[in-house]
Every structure is written in C-alpha cells, then in structure tokens.
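Number of protein chains: 4
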Amino acid sequence: MRILFLGDVVGRVGRQVVLDELPRLRAQWALDCVVVNGENAAGGFGITEAIYEEFLAAGADAVTLGNHAFDQREALVFIERAPRLVRPTNYPAGTPGRGAALVETQSGARVLVVNVMGRTFMDPMDDPFAAIDRELDAAPLGLVCDAAIVDFHAETTSEKQAFGHWCDGRASLVIGTHTHVPTADHRVLPGGTAYMTDVGMCGAYDGVIGMDKEEPLRRFTRKIGSSRFEPATGPGTLSGLAVETDANGRALKVAPVRLGGLLEPVAPSFW
Amino acid sequence: MRILFLGDVVGRVGRQVVLDELPRLRAQWALDCVVVNGENAAGGFGITEAIYEEFLAAGADAVTLGNHAFDQREALVFIERAPRLVRPTNYPAGTPGRGAALVETQSGARVLVVNVMGRTFMDPMDDPFAAIDRELDAAPLGLVCDAAIVDFHAETTSEKQAFGHWCDGRASLVIGTHTHVPTADHRVLPGGTAYMTDVGMCGAYDGVIGMDKEEPLRRFTRKIGSSRFEPATGPGTLSGLAVETDANGRALKVAPVRLGGLLEPVAPSFW
Amino acid sequence: MRILFLGDVVGRVGRQVVLDELPRLRAQWALDCVVVNGENAAGGFGITEAIYEEFLAAGADAVTLGNHAFDQREALVFIERAPRLVRPTNYPAGTPGRGAALVETQSGARVLVVNVMGRTFMDPMDDPFAAIDRELDAAPLGLVCDAAIVDFHAETTSEKQAFGHWCDGRASLVIGTHTHVPTADHRVLPGGTAYMTDVGMCGAYDGVIGMDKEEPLRRFTRKIGSSRFEPATGPGTLSGLAVETDANGRALKVAPVRLGGLLEPVAPSFW
Amino acid sequence: MRILFLGDVVGRVGRQVVLDELPRLRAQWALDCVVVNGENAAGGFGITEAIYEEFLAAGADAVTLGNHAFDQREALVFIERAPRLVRPTNYPAGTPGRGAALVETQSGARVLVVNVMGRTFMDPMDDPFAAIDRELDAAPLGLVCDAAIVDFHAETTSEKQAFGHWCDGRASLVIGTHTHVPTADHRVLPGGTAYMTDVGMCGAYDGVIGMDKEEPLRRFTRKIGSSRFEPATGPGTLSGLAVETDANGRALKVAPVRLGGLLEPVAPSFW
Ligand SMILES: [Fe+2]
Ligand SMILES: [Fe+2]
Ligand SMILES: [Fe+2]
Ligand SMILES: [Fe+2]
Ligand SMILES: [Fe+2]
Ligand SMILES: [Fe+2]
Ligand SMILES: [Fe+2]
Ligand SMILES: [Fe+2]
Numbered sequence: 473m474r475i476l477f478l479g480d481v482v483g484r485v486g487r488q489v490v491l492d493e494l495p496r497l498r499a500q501w502a503l504d505c506v507v508v509n510g511e512n513a514a515g516g517f518g519i520t521e522a523i524y525e526e527f528l529a530a531g532a533d534a535v536t537l538g539n540h541a542f543d544q545r546e547a548l549v550f551i552e553r554a555p556r557l558v559r560p561t562n563y564p565a566g567t568p569g570r571g572a573a574l575v576e577t578q579s580g581a582r583v584l585v586v587n588v589m590g591r592t593f594m595d596p597m598d599d600p601f602a603a604i605d606r607e608l609d610a611a612p613l614g615l616v617c618d619a620a621i622v623d624f625h626a627e628t629t630s631e632k633q634a635f636g637h638w639c640d641g642r643a644s645l646v647i648g649t650h651t652h653v654p655t656a657d658h659r660v661l662p663g664g665t666a667y668m669t670d671v672g673m674c675g676a677y678d679g680v681i682g683m684d685k686e687e688p689l690r691r692f693t694r695k696i697g698s699s700r701f702e703p704a705t706g707p708g709t710l711s712g713l714a715v716e717t718d719a720n721g722r723a724l725k726v727a728p729v730r731l732g733g734l735l736e737p738v739a740p741s742f743w
Numbered sequence: 473m474r475i476l477f478l479g480d481v482v483g484r485v486g487r488q489v490v491l492d493e494l495p496r497l498r499a500q501w502a503l504d505c506v507v508v509n510g511e512n513a514a515g516g517f518g519i520t521e522a523i524y525e526e527f528l529a530a531g532a533d534a535v536t537l538g539n540h541a542f543d544q545r546e547a548l549v550f551i552e553r554a555p556r557l558v559r560p561t562n563y564p565a566g567t568p569g570r571g572a573a574l575v576e577t578q579s580g581a582r583v584l585v586v587n588v589m590g591r592t593f594m595d596p597m598d599d600p601f602a603a604i605d606r607e608l609d610a611a612p613l614g615l616v617c618d619a620a621i622v623d624f625h626a627e628t629t630s631e632k633q634a635f636g637h638w639c640d641g642r643a644s645l646v647i648g649t650h651t652h653v654p655t656a657d658h659r660v661l662p663g664g665t666a667y668m669t670d671v672g673m674c675g676a677y678d679g680v681i682g683m684d685k686e687e688p689l690r691r692f693t694r695k696i697g698s699s700r701f702e703p704a705t706g707p708g709t710l711s712g713l714a715v716e717t718d719a720n721g722r723a724l725k726v727a728p729v730r731l732g733g734l735l736e737p738v739a740p741s742f743w
Numbered sequence: 473m474r475i476l477f478l479g480d481v482v483g484r485v486g487r488q489v490v491l492d493e494l495p496r497l498r499a500q501w502a503l504d505c506v507v508v509n510g511e512n513a514a515g516g517f518g519i520t521e522a523i524y525e526e527f528l529a530a531g532a533d534a535v536t537l538g539n540h541a542f543d544q545r546e547a548l549v550f551i552e553r554a555p556r557l558v559r560p561t562n563y564p565a566g567t568p569g570r571g572a573a574l575v576e577t578q579s580g581a582r583v584l585v586v587n588v589m590g591r592t593f594m595d596p597m598d599d600p601f602a603a604i605d606r607e608l609d610a611a612p613l614g615l616v617c618d619a620a621i622v623d624f625h626a627e628t629t630s631e632k633q634a635f636g637h638w639c640d641g642r643a644s645l646v647i648g649t650h651t652h653v654p655t656a657d658h659r660v661l662p663g664g665t666a667y668m669t670d671v672g673m674c675g676a677y678d679g680v681i682g683m684d685k686e687e688p689l690r691r692f693t694r695k696i697g698s699s700r701f702e703p704a705t706g707p708g709t710l711s712g713l714a715v716e717t718d719a720n721g722r723a724l725k726v727a728p729v730r731l732g733g734l735l736e737p738v739a740p741s742f743w
Numbered sequence: 473m474r475i476l477f478l479g480d481v482v483g484r485v486g487r488q489v490v491l492d493e494l495p496r497l498r499a500q501w502a503l504d505c506v507v508v509n510g511e512n513a514a515g516g517f518g519i520t521e522a523i524y525e526e527f528l529a530a531g532a533d534a535v536t537l538g539n540h541a542f543d544q545r546e547a548l549v550f551i552e553r554a555p556r557l558v559r560p561t562n563y564p565a566g567t568p569g570r571g572a573a574l575v576e577t578q579s580g581a582r583v584l585v586v587n588v589m590g591r592t593f594m595d596p597m598d599d600p601f602a603a604i605d606r607e608l609d610a611a612p613l614g615l616v617c618d619a620a621i622v623d624f625h626a627e628t629t630s631e632k633q634a635f636g637h638w639c640d641g642r643a644s645l646v647i648g649t650h651t652h653v654p655t656a657d658h659r660v661l662p663g664g665t666a667y668m669t670d671v672g673m674c675g676a677y678d679g680v681i682g683m684d685k686e687e688p689l690r691r692f693t694r695k696i697g698s699s700r701f702e703p704a705t706g707p708g709t710l711s712g713l714a715v716e717t718d719a720n721g722r723a724l725k726v727a728p729v730r731l732g733g734l735l736e737p738v739a740p741s742f743w
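Have a look at this one:
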C-alpha cells in the first residue's frame with residue numbers, strides 16, 4: 473500500500489500548494505491513502521468545513537488536527553458530520569468529533585487514522601500512551617485494518633521518539649506534527665513502524681513556523697506584541713512523508729517528500 | 473572557507489563516531505574550521521577536560537555547550553584554561569568561561585564562535601537576542617572575523633527560526649542544537665547566513681534523544697522514574713552541517729552531513 | 473465533626489513540630505479526624521514507612537502525598553500495606569497504592585480522603601477534574617461517608633480555585649497543598665465545601681519553601697547548582713486548617729491553624 | 473512612615489472597592505505612602521490613563537504593573553507622561569516607561585517604588601535578581617530614599633521567597649503580586665525588610681483569580697474555550713499589606729489588610 477502523509481497546512485500558501493500538487497501526486501504515484509494535517513489551514517488557526525471538503529476533493533482520505541483543532545468554532549459543529557476529520561483522541565470525554573477513524577480509501581483499503589496530542593510543554597490532555605493503546609487494540613493491524621497511521625502532535629523530540637518506540641510493531645506509521653519543521657530522521661523501526669519525528673508543514677518557510685516573521689520577532693525581542701499572527705507569504709513548500717507497506721500493514725520503505733519553495737526538494741526514489 | 477559543525481555529541485557512542493570520522497573528513501574535505509557541540513559528551517551530561525582535549529586532537533577548532541554545560545563540575549574550573557571551549561553567552565555575569573571566542577583555525581582564519589541559549593521551555597537566561605547583538609557587534613563579519621558561527625541551543629522551532637532571521641546578514645551560520653534530531657530545512661537566508669533549525673546529535677539514534685529508551689518510556693508511561701538516564705548503545709551516527717563561505721564570511725553553500733548508524737546517509741555534493 | 477488538615481511536612485523540623493503538637497491538639501480540640509500531607513517528610517523528598525507510622529501514632533487518620541510521593545523508593549512497596557496512605561489518584565493506572573481511602577476514624581466516623589494532583593505547571597497526570605468526579609461519585613457525602621476531604625496538590629491559584637468550585641457541595645473540604653505557603657482565603661463555599669487555596673507547610677519558614685535558602689538562591693542567581701537541596705533548620709511552624717462539619721458532611725466553620733516558628737500564630741476561636 | 477500596598481486591582485469590582493475605601497483609610501491611618509498594583513484594573517487586562525488618574529486621585533502615590541502591563545495598548549503611550557506608573561523593570565531595554573520611580577509622597581517623603589517580574593513559569597524577562605541589585609544600588613535605603621517598596625510580580629512561592637531573602641536589608645518591603653490570593657506569611661525578615669509572598673487581589677473572590685468562574689472551568693474541564701475571560705461580579709474585597717518603617721526605612725511592623733467581600737476581615741492593630 474502506498475501512503476502519503478502531509479504535514480500541518482498553514483494558511484492560504486499551504487492550502488494552495490496542497491491543492492496544486494496533491495491531485496497530480498495521487499495519480500502519478502498511484503497512492504492508496506493520503507492523510508493531511510489541517511490544524512492550521514484556516515488563516516493559521518483551525519479549519520473550516522469548506523477547507524475540509526477541499527482537502528477531500530484534492531485527494532485526501534482523512535484530515536487530522538492538533539492543538540488548534542477548534543480555533544475556528546464552526547469545527548465543533550461540522551466535525552460531527554465530517555467522518556474523515558480526526559481530532560486528538562486524548563481530549564476529554566465528550567469532546568465533539570472522533571480521535572480515530574477507520575476510513576475506506578478510494579482503493580478499498582481500510583486504514584485506521586489516529587490523532588494524538590503530546591503533553592510535554594503543551595496543554596495537559598489525557599495520557600497519550602494509554603490512549604494510543606486503546607485505539608490500536610481496538611483495530612489491530614492486519615486484522616481490522618490494512619494500515620494504521622498515527623499522527624502524534626507534540627512539541628518535544630523526546631516524547632515523540634518515545635511514542636514511536638511505544639507503537640512500534642502496532643502501527644504502519646507514527647508521524648510527528650506540530651513543530652512545522654521537517655526532521656531528517658525518517659526510518660522504519662525494528663518492529664515495522666515507519667517513523668519521523670516531525671513531517672514539517674505545508675506552507676511558506678520564509679517566516680516563523682509558517683507565520684509572517686515580524687510579529688514573532690517583536691514578541692521575542694520586545695516582549696510586547698503589537699498585532700495578530702498572520703500566515704507568511706512567499707513560495708510554498710509541500711512537506712510530507714511517503715510510506716510503502718506490506719500486506720500486513722508493516723512499513724517496507726519510507727522517504728520524505730518536499731516540493732517547491734525554499735527547502736531542498738526530495739521525493740521517494742522507489743515510486 | 474569550509475566549515476563543518478557537528479551536533480551534540482552524546483556519550484561514548486557519540487564520541488567514538490566523532491573520533492573515528494572527523495580526522496578523515498577534515499583532511500578529505502580540506503576543512504578550514506570545525507566546531508563540535510559537546511554538552512552531552514560525558515555520559516550524556518556535560519564535558520570533561522579529557523574529552524575536550526580529545527575533540528581538539530581529532531580536529532575541532534572549538535567546542536560549544538548548552539544547558540548541560542556544567543553537569544560535570546570540573547568544567548567550572550577547566551573552562552578557564554580552555555580557550556576554545558564556549559558556553560552559552562547569556563548565562564549570568566560572573567559565570568566561568570566565555571560565551572564567545574575568536575579562534576584562529578589551523579588554516580589561519582579568524583572565526584568567531586558564539587554559543588547562546590534559547591528561553592522558550594528552557595531555564596530563563598538573559599535575553600538571547602540582545603546577547604547575540606552584543607557579540608556580533610563586537611566582531612563584525614568580514615572585518616574582525618572571517619566567519620561567525622552561532623550555535624543557538626534552544627527547544628522550539630519558532631524561537632530558532634526567529635533567531636536565524638534576527639542574525640541574517642551578520643553571521644555566517646546560525647545552527648540550532650539541543651533537540652538531538654536533525655531537521656531538513658538547511659538553507660542560506662537572504663542576507664547570506666546559513667541556517668538549520670537543528671543539526672541533530674552525534675550518537676545512537678535507537679533511543680530517546682540519544683539515551684537508552686527504557687527509562688524515558690517508563691517516565692512517560694508510569695510517571696515514576698526508576699533509574700538514571702544512560703546513553704543508548706548501538707550504531708552511532710555523525711550528524712552535522714557543511715557550509716562554504718565567501719571572502720566576506722557570507723554563506724555560499726550549505727549541506728547536511730549524516731554518516732553511519734540508522735539515519736539515511738548524506739554528504740555535501742560540492743566538496 | 474471536627475477535622476484538622478496539616479500541610480506538607482518538610483523534613484525533620486516539620487516532623488518534629490507535628491509530633492510535638494498533634495497529640496495535644498487532638499485531645500484538646502477533641503478532633504474526630506486528622507489528615508497530614510507527608511510528601512516532603514523524609515529529608516524534603518517523599519516518605520518512609522517509619523515516618524508514616526510515626527504520623528499515625530501521633531494522631532493522624534490518613535496521610536496524603538503529592539508529586540514527591542515516590543521520591544523514597546520504598547514507598548512504592550510499603551504503600552501497598554499502608555491503607556491510610558493516599559497518593560494522587562490521577563497517576564496512571566497500575567501505580568502502586570490508592571488515590572482515595574475510606575478510613576474509619578478513632579471516633580468511628582467514615583471519612584473519604586482523596587489526593588489529586590493539578591496539571592498546570594506540573595507533570596501532566598490524568599485529568600484531575602474527571603478523576604475527582606469518579607472518586608466523589610463512588611462515595612457520596614452523607615451517604616457512604618460522613619466527611620470527604622480532598623487534598624488538591626497543585627501549583628496555581630487558578631487551577632485550585634476552579635477545583636474548589638468544581639467540588640463545591642460534594643466534599644467537606646477542598647484543601648490546596650504543594651506551594652508550602654499558607655493562603656488567607658479560607659472560607660466555606662456556597663454549597664457547603666470548606667476551601668483554602670493552600671494550607672502551607674509544617675516546617676521551617678526561614679528558607680525557601682522549607683529548604684535551606686543558600687542552594688535555591690544560587691540556582692536563581694547563577695543558574696548553576698552546586699549541591700543538593702537540604703531542609704531548612706530553625707524554628708518550625710505547624711500549619712493547618714480546622715473545619716467543623718454537620719451531620720451531612722457539610723462544612724459549618726473553617727479557621728486556619730498556625731503554631732510556632734516565624735508566622736503569626738492563629739487558632740480556631742470556635743473550639 | 474506608614475505604608476499601604478494594595479494588590480492587583482481586578483476590573484470594576486476591584487476599582488470600586490479601592491475608590492470606596494482608600495480615601496478613608498489614607499486619612500484614618502494617616503498613611504504616608506500608598507502603592508497600588510493596577511495591572512488588571514481595566515476589565516482584568518491592563519490599565520488606562522483614566523484609571524491611573526483615578527487611583528492617584530483616590531490616594532495612591534504610585535501604581536505598579538506586571539505581565540498585563542500593556543494589555544491596553546494606550547499604556548505604551550501614556551506611561552511616558554505618567555511618572556508614578558511603574559512597569560516591570562526587567563522588560564527589554566527600550567520598553568516605554570520606567571521600572572522604578574523615586575516618588576515624593578504627599579507627606580514629603582521620598583519613596584523608591586520598583587516593579588520586577590519573576591521568570592519561573594512566566595514569560596522569560598531579564599534576570600530579576602540582577603535587575604533589583606541595580607535599582608536598589610542606585611537609590612540606597614536611608615540615603616537616597618526614605619523607603620523602598622519592591623513589587624515582585626511572580627508565580628511561584630520559591631522564587632518569591634528567594635527574592636525576599638535576596639533583598640533583605642536593602643528594601644523596606646518586598647511584596648509579591650500576581651497570584652491574586654493573599655498569603656498568610658507576612659513578617660519582617662531579619663535584615664529589616666517586610667515580606668509577604670502574595671498580597672492578594674482587590675476584586676471579587678467568588679471567581680477564579682478575580683474572573684468569572686464559568687470560562688476557566690470550561691477550559692480546565694473541556695480543554696476548549698468558548699468565550700473571553702470576564703471579571704467576576706459579586707462583593708469586592710480590598711486586599712493589602714500595612715507596613716510601618718523607621719527613620720532608616722527598615723520595617724518595624726507589618727500586618728495584612730482585608731476589608732469587605734468573602735475573606736475574613738483583618739486590619740492592623742497598631743494603627
Ligand atoms: Fe501546526
Ligand atoms: Fe500544533
Ligand atoms: Fe544536547
Ligand atoms: Fe541541551
Ligand atoms: Fe510539598
Ligand atoms: Fe509538591
Ligand atoms: Fe494580576
Ligand atoms: Fe500578573
């Protein structure tokens with residue numbers, strides 16, 4: 473199975489590069505499953521129903537979120553009628569939406585998509601390690617699902633690496649999101665789980681984590697803000713990870729994808 | 473000028489891969505300047521004088537540190553007689569050692585090496601932005617020094633990217649350290665400063681930020697530790713960044729270096 | 473029912489003032505129930521079985537803990553045979569010991585004692601609000617227990633005040649611990665729950681939260697530690713809260729208790 | 473000299489209790505100097521020029537601030553023409569306003585008023601310990617000023633206690649602000665500095681740190697906000713500290729002041 477995961481889409485620049493590139497990649501690489509993290513898609517903060525639908529139309533099978541999941545209040549409502557929209561599973565009980573979805577892809581595969589949030593230097597949610605155990609136990613890899621994709625939305629490299637080891641052998645992919653900078657440590661862990669500490673963002677890299685650099689610089693240097701954060705403009709980069717899995721959902725190959733913008737371009741050699 | 477920066481060396485595995493590879497690389501690539509971050513060289517925590525001397529003997533022109541600078545208490549003493557050992561410049565006034573050094577390399581170049589610590593999600597030090605202004609103003613690029621290398625030891629991608637923009641045009645290289653995972657966003661900023669959010673560590677990547685994974689996993693899942701952190705064993709990776717600068721100290725080319733161990737190997741094509 | 477809660481006992485000075493004063497107070501005030509927070513009793517870090525037994529012998533009906541619960545490793549073992557020792561209930565499932573105990577006091581009353589940890593600026597545990605709901609639902613006030621005492625071990629005044637409101641009407645007392653400084657906001661909330669943001673510590677107040685002041689001052693000013701934290705010496709203060717409840721477990725009266733040492737002395741006027 | 477310090481005034485309820493009580497107290501107690509922390513005076517967030525003038529008219533000699541200093545943008549401008557308005561001194565160089573003021577009181581005394589911010593669990597400012605050394609050295613107690621009042625705006629009891637010890641003998645009063653809950657540990661330190669970990673707020677205590685309790689409770693329990701924070705309504709409490717100093721500016725007596733609202737009333741017995 474051929475899986476593509478795209479990192480946090482930030483604002484208009486991020487959406488545009490996804491809409492421009494994804495349909496072509498989906499066809500060209502004969503992708504079986506595409507998951508997009510959309511927590512920053514609406515002006516940098518949250519997601520709207522229109523954007524969610526756009527992602528699906530462009531070729532996404534599921535859209536994951538993160539700490540910005542509900543920055544656009546409408547998400548609290550439309551998430552209930554958006555079966556392919558997945559918010560962090562370790563929100564308190566009673567939170568609208570779902571933290572895991574068993575989606576059928578266009579090619580007929582059943583893929584478990586889970587979104588989990590880390591806690592180190594983040595708002596304290598329920599235990600992500602206990603939460604992922606529940607989700608993975610409920611849909612065992614190779615039995616209930618053909619692949620299991622875990623988007624671990626977290627700040628620190630330590631919590632993310634620990635989470636990857638924790639899930640190794642039980643998921644097809646554990647992919648970090650949230651820091652908006654791709655890491656270069658993609659690999660297949662010994663148990664067959666593809667892993668990358670952070671997939672990076674889809675957006676404009678000439679800024680500060682996808683936002684225009686002026687306001688962040690002011691806050692860091694003067695300790696007094698003077699305006700809202702706005703998404704950066706400039707050339708956009710698509711940043712993702714390509715994974716190929718076997719019939720049991722174990723990862724065979726993994727390679728980063730970076731197209732356009734200011735980062736060095738890279739694409740899988742095996743497709 | 474040809475510069476190589478090597479990220480946080482972690483424990484015996486990290487030291488070994490540096491000692492094994494650096495002499496060869498120095499010769500093969502005709503390096504003018506090598507800087508190594510050594511804050512985790514001694515069992516994962518701090519540095520000893522013997523290790524510092526080993527790094528110099530292997531080809532380092534300077535050794536930088538970070539939040540673990542003084543974990544080995546002897547560093548508070550020997551740093552005074554170690555002119556190429558650089559601790560974060562934004563420690564309180566009166567801290568032993570120096571936060572910046574103008575070192576003469578083996579090839580006779582004068583290189584400013586500065587170590588600065590970030591504050592977001594870290595122990596609050598003096599303002600890193602004001603501190604780097606002082607250091608860079610004291611040794612202007614192309615006038616007082618032939619190259620200026622800034623090791624920004626920080627946790628978050630946002631503070632690191634902001635710091636890169638802040639220094640752009642005034643330093644040859646702003647390189648992030650501390651997270652122990654290399655990022656894939658190396659580039660030359662518009663003003664001529666090479667930048668990479670984090671250079672990654674030299675050490676064993678089959679662990680949690682270079683440490684054996686068992687204890688971190690216990691603490692994340694049980695919230696009760698049961699032993700000390702120990703460096704991970706297993707194959708070691710050398711992780712660094714190669715930068716070529718012009719006669720004015722501006723970066724012309726930049727490329728990651730990763731050799732050995734579990735990461736995908738990469739080396740500069742231009743040397 | 474007459475209840476006395478004593479705050480975090482810190483080291484030898486703290487233990488001594490409890491052992492010296494509690495037997496007398498228990499008799500003099502005809503106390504029905506005494507609970508002591510013992511998380512710092514052993515040299516400032518954790519508790520031993522011998523100290524636990526000492527507290528019971530001095531008149532405690534239960535001993536609560538906090539983030540230092542297991543600093544003394546023996547607590548992981550003896551807590552299983554210490555039915556009146558209560559650690560935070562929102563540790564991960566599988567943690568040794570119990571987070572709530574229904575203890576029978578010497579006067580024959582059934583008292584629910586719960587220990588919960590906050591999460592703001594603390595290690596992220598399971599949701600304290602969901603946890604206390606489970607504990608209070610399992611032993612309704614006035615039905616299953618004659619009084620319910622909730623020790624909320626937390627850092628911030630905001631989380632503590634919110635927790636007090638959350639429990640109002642369902643507990644006899646919500647008492648904050650952890651900051652080691654008594655607050656002056658004791659009162660009975662509208663639903664009948666006595667509340668105090670922090671009860672303060674039993675220990676030597678001429679220090680920094682009960683520890684000798686030299687090392688904390690060094691760390692704050694130099695950012696480099698030079699030794700372990702040691703409990704402060706000097707005169708000890710007993711710091712607690714007195715609560716009188718009605719037949720249904722609702723609080724009728726509440727007053728602080730501070731005896732000895734450097735704080736202004738105060739005792740309930742109603743006993 | 474008779475000094476009254478009033479803690480963080482929160483919103484309309486807080487302002488009203490100050491305007492209602494301060495003129496009377498100033499006369500009745502023959503106060504020489506009154507300082508009010510006004511960082512939350514305008515709807516809970518920052519201060520306006522009109523409110524600043526109101527505080528002066530009601531009897532304040534100086535108004536201090538904190539992390540909310542510039543929540544009302546107009547403060548960045550009018551602070552320059554408000555010589556008795558003092559913002560934290562450890563903001564970056566170039567911040568509008570002043571971090572210390574030598575004010576002449578109505579009785580002709582010269583009083584140094586300093587505002588400093590802590591760093592533990594707060595936005596990282598410049599070193600508060602180094603900053604207070606500079607301020608106190610510039611206006612030695614008993615020489616340049618008749619009294620020195622230090623408002624240390626900080627989160628943790630440990631940093632506040634350490635700060636009190638650090639300043640002991642050099643200031644008349646080190647008073648904590650920011651947590652909005654009064655502590656019961658007022659005393660005169662050995663060197664003659666009056667100290668209290670937190671003076672508490674002037675405002676409505678039936679809320680969460682002075683704000684209406686509904687929104688904080690939602691955020692703690694659901695992890696999703698649904699509206700802005702609004703000041704709590706209900707009866708207001710004046711919360712402050714009374715200090716009497718000798719001719720050299722050393723504290724002789726100290727006592728809390730709490731009038732009105734839900735806290736137990738208390739006033740100095742010595743005036
Ligand atoms: Fe994001
Ligand atoms: Fe995020
Ligand atoms: Fe490191
Ligand atoms: Fe570090
Ligand atoms: Fe404690
Ligand atoms: Fe504690
Ligand atoms: Fe405040
Ligand atoms: Fe504040």
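As given, the protein sequences belong to chains A, B, C and D, one line each in that order.
Residues in the first sequence are numbered from 473 upward in steps of one, following this note's numbering.
Residues in the second sequence are numbered from 473 upward in steps of one, following this note's numbering.
Residues in the third sequence are numbered from 473 upward in steps of one, following this note's numbering.
Residues in the fourth sequence are numbered from 473 upward in steps of one, following this note's numbering.
Built from N, CA and C at the ideal position, the CB exists for glycine as well.
Query	Result
Anything in chain C within Cβ reach of E564(A), meaning under 7 Å, just list it in chain order.	Residue identity check: residue 564(A) is Pro in the sequence provided, not Glu. Ordered by position in chain C, the residues that pass the 7 Å Cβ test against P564(A) are D599 and A602.
Which value, in whole angstroms, describes the spacing of the CA atoms of E493(B) and Y563(A)?	47 Å
For my contact list, G712(C) and G733(C) are in at a C-beta cut-off of 8 Å; report their separation, rounded to the angstrom.	Not quite, the Cβ-Cβ distance comes to about 13 Å (not below 8 Å), so this is no contact.
Just to check my reading of the structure: G648(C) and T669(C) have Cβ atoms closer than 8 Å, yes? What is that Cβ distance to the nearest angstrom?	5 Å
Residues of chain C with CB under 9 Å from R791(B), in chain order?	Outside the displayed range of chain B (473 to 743) lies residue 791(B), so it cannot be described from this structure.
Check P564(A) in the structure and name its three-state DSSP category.	coil
Which first and last residues belong to the beta strand (DSSP E) in which K725(D) is found?	A723 to L731
Could you have a look at L608(B) and say whether DSSP puts it in helix, strand or coil?	helix
Comparing the C-beta of P596(B) with each C-beta of chain D, is any distance below 9 Å?	yes
Between G483(B) and G515(B), how many whole angstroms is the CB-CB distance? I'm expecting something under 8 Å.	6 Å
Check the Cβ of F542(A) against every Cβ in chain D and list those closer than 8 Å, keeping chain order.	I696
According to DSSP, which residues form a beta bridge with F477(A)?	V507(A) and L713(A)
Taking CB distances under 9 Å as the criterion, tell me whether L537(D) reaches chain A.	no
In terms of DSSP beta bridges, what is P703(C) paired with?	M683(C)
Which chain B residues sit within Cβ distance under 7 Å of D657(A)?	V653, P654, Y677 and L735
For L661(C), which of helix, strand or coil comes out of DSSP?	coil
Spell out whether any CB of chain A is found under 9 Å from the CB atom of D670(B).	yes
Please report the Cβ distance between G675(C) and P703(C), rounded to the nearest whole angstrom; I am assuming they are in contact, meaning their Cβ atoms lie under 8 Å.	7 Å
With burial defined as no fewer than 16 other Cβ atoms inside 10 Å of the residue's Cβ, what is the status of F624(C): buried or exposed?	buried
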